[in-house]
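*Asks:* Take 2 as the starting number for the sequence shown in the numbering used here and just add one per residue.
The beta carbon of each residue, even a glycine, is placed where N, CA and C say it ideally should be.
Below you'll find the structure I mean.
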Amino acid sequence: MGPLPLIAARHLRSKHKFSFTSFISYLAVAGLAIGVAVLILTLAVLDGFESEIEQKIIGFDGHIRIRGYFDRNLPEVDSHLDAILSNINDITASEPYISQAAMIRV
2 MGPLPLIAAR
12 HLRSKHKFSF
22 TSFISYLAVA
32 GLAIGVAVLI
42 LTLAVLDGFE
52 SEIEQKIIGF
62 DGHIRIRGYF
72 DRNLPEVDSH
82 LDAILSNIND
92 ITASEPYISQ
102 AAMIRV
């Protein structure tokens, strides 16, 4: 044991049966223990939420989008893109899509 735990133990177990300093010391140690426990619990819950949100985002949209500069089409690449993607084993599916801004009048 290092010197700090020895000093803390000696301070908490003073010769006086019940002193205000001893009470405050026990209260501080208990508060610190509760604070650390709550912090660990919060981090565990947030870690679970993070992976849940990550899975929902991945399920909503793809991992990668291939676009040209200024959202222009890439006609010269489209013919070769399927051949390139078929050589990569980790890709399970690829879909072309069209994206355009629009306004709907009701």
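Identify whether Ser-52 lies in helix, strand or coil by the three-state DSSP scheme.
*Replies:* Start at 1 with the first residue of the sequence shown, and residue 52 comes out as number 51. Looking at Ser-52 - three-state DSSP - the assignment turns out to be helix.
*Asks:* DSSP three-state call for Val-30: helix, strand or coil?
*Replies:* To locate residue 30, count along the sequence shown from 1; it is residue 29. Residue state, collapsed to three classes: helix.
*Asks:* Whole angstroms is fine: what's the gap from Ala-38's alpha carbon to Pro-97's?
*Replies:* Here residue 38 is taken as the residue at index 37 of the sequence shown, counted from 1. Here residue 97 is taken as the residue at index 96 of the sequence shown, counted from 1. Each residue's Cα considered, the two are about 49 Å apart.
*Asks:* Quick check: the segment 24–44 against the segment 55–70, are at least 3 beta-carbon pairs closer than 8 Å?
*Replies:* Touching, no, given that fewer than three Cβ pairs across the two stretches are closer than 8 Å.
*Asks:* Quick one: Cα of Leu-47 to Cα of His-81, how far?
*Replies:* By 1-based counting over the sequence shown, the position of residue 47 is 46. By 1-based counting over the sequence shown, the position of residue 81 is 80. So the alpha carbons of these two residues sit roughly 43 Å apart.
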